[in-house]
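Asks: Please see the structure below; I have some questions.
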Amino acid sequence: MQLNSRMTASLKQIQLLVLDVDGVLTDGRIIYTDSGEQIKQFSSRDGLGLRLLMDNGIQVGLITGRRSGALTHRCKNLGIDLVFDGIFNKAEALDRMAQQTRIDPFAMAFMGDDLIDLPAMARAGVAIAVADAVDEVKARADLVTRAAGGHGAVREICEAILKSAGLWETALTPFLA
Numbered sequence: 105m106q107l108n109s110r111m112t113a114s115l116k117q118i119q120l121l122v123l124d125v126d127g128v129l130t131d132g133r134i135i136y137t138d139s140g141e142q143i144k145q146f147s148s149r150d151g152l153g154l155r156l157l158m159d160n161g162i163q164v165g166l167i168t169g170r171r172s173g174a175l176t177h178r179c180k181n182l183g184i185d186l187v188f189d190g191i192f193n194k195a196e197a198l199d200r201m202a203q204q205t206r207i208d209p210f211a212m213a214f215m216g217d218d219l220i221d222l223p224a225m226a227r228a229g230v231a232i233a234v235a236d237a238v239d240e241v242k243a244r245a246d247l248v249t250r251a252a253g254g255h256g257a258v259r260e261i262c263e264a265i266l267k268s269a270g271l272w273e274t275a276l277t278p279f280l281a
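Heads up, the sequence shown is in our numbering, so the first residue is 105 and it goes up one at a time.
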């Protein structure tokens, strides 16, 4: 992803990356078993990107319209405890995250893919859309990823934030020893 100097400066200020789930951490498909259980598929590369952010002092939060046992397990696995699920008003949830974390929304990036994400994107300092987001979301985003939701878009943004903040080499250190 090519970033201009203004966007690099904006990403450098990010203290909290907030993500939608369906269509961002997943490809947007929701699979139900015969018993009604939801099945979601997550990218391991996105997961590592999120761990790299958190291990380097940048918080991660999720705001999603759905409740899901699969998401609960994924968050536990990654160590993400800033989760607002079953939320329709994502801008209000972003404000609650700001109060809870004491991080100004200007120091947050919100990543979404569909119309329900627009209010939170407008409230955050940096608005990000995945490559396969609906046109209205991409038109209002500061950044659009090359990768689609569930297919490395989150990893792409994690790396961009770490590189903009000068933390990429530090993040790589454990893997190069």
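We treat Cβ as the ideally placed atom computed from N, Cα and C, and that holds for glycine.
1) With distances taken Cα to Cα, identify the nearest neighbour of residue 140 among 174, 215 and 107.
2) Starting from the Cα of residue 217, find the closest Cα among 237, 211 and 142 and give me that residue.
3) With distances taken from CA atoms, which of 178, 156 and 197 is nearest residue 259?
4) What residue range is occupied by the uninterrupted beta strand (DSSP E) comprising residue 45?
5) How far does the alpha helix (DSSP H) with residue 279 in it extend, from its first residue to its last?
6) Along the chain, where does the alpha helix (DSSP H) containing residue 222 start, and where does it finish?
7) According to DSSP, what are the bridge partners of residue 212?
8) Figure out for me which residue from 180, 188 and 225 has the closest Cα to the Cα of residue 170.
9) What residue range is occupied by the uninterrupted alpha helix (DSSP H) comprising residue 203?
10) Compare the C-alpha of residue 270 against each of 106, 249, 154 and 113 and name the closest.
11) If you pair each beta-carbon of the stretch 117-130 with each one of the stretch 214-234, do three or more pairs fall below 8 Å?
12) Tell me which same chain residues have a C-beta within less than 6 Å of the C-beta of residue 247, skipping the five on either side of it?
13) Count the other C-beta atoms from every protein chain shown that fall within 10 angstroms of the C-beta of residue 219, then say buried if there are 16 or more, exposed otherwise.
14) Please classify residue 134 as buried or exposed, where buried requires at least 16 neighbouring CB atoms within 10 angstroms.
15) Using DSSP's beta-bridge definition, name the partner residues of residue 231.
16) Where do the ends of the alpha helix (DSSP H) carrying residue 176 lie?
17) Flag this pair as yes or no: are the beta carbons of residue 162 and residue 118 separated by less than 8 Å?
18) Tell me, which residues are paired with residue 164 by DSSP?
19) Please report how far the alpha carbon of residue 109 lies from the alpha carbon of residue 268, in whole angstroms.
Replies: A quick look at the data gives this:
1) Closest by alpha carbon: 174.
2) Taking only the C-alpha atoms, the option nearest residue 217 is 237.
3) Among 178, 156 and 197, the Cα nearest to that of residue 259 is on 156.
4) The structure shown does not extend to residue 45, since the chain is modelled only from 105 to 281, so the question has no answer here.
5) 272-280 is the extent of the alpha helix (DSSP H) around residue 279.
6) The continuous alpha helix (DSSP H) containing residue 222 extends over residues 222-227.
7) 120, per the DSSP bridge assignment.
8) The closest CA to that of residue 170, considering only 180, 188 and 225, is found on 188.
9) Start and end: 194-205.
10) Considering only 106, 249, 154 and 113, the residue with the shortest C-alpha distance to residue 270 is 113.
11) Here the stretch 117-130 makes contact with the stretch 214-234; the two share three or more CB pairs at distances below 8 Å.
12) Cβ neighbours of residue 247 beyond the five flanking positions: 232.
13) By the 10 Å Cβ count, residue 219 comes out exposed.
14) Looking at its Cβ environment, which holds fewer than 16 other Cβ atoms inside 10 Å, residue 134 is exposed.
15) For residue 231, which the question treats as bridged, DSSP gives the partners 214.
16) In the DSSP assignment, residue 176 falls within the alpha helix (DSSP H) that extends over 173-182.
17) Inclusion of residue 162 and residue 118 in the CB contact set at 8 Å is warranted, their separation being smaller than that value.
18) Residue 164 pairs with 121.
19) One alpha carbon belongs to residue 109, the other to residue 268, and they sit about 9 Å apart.
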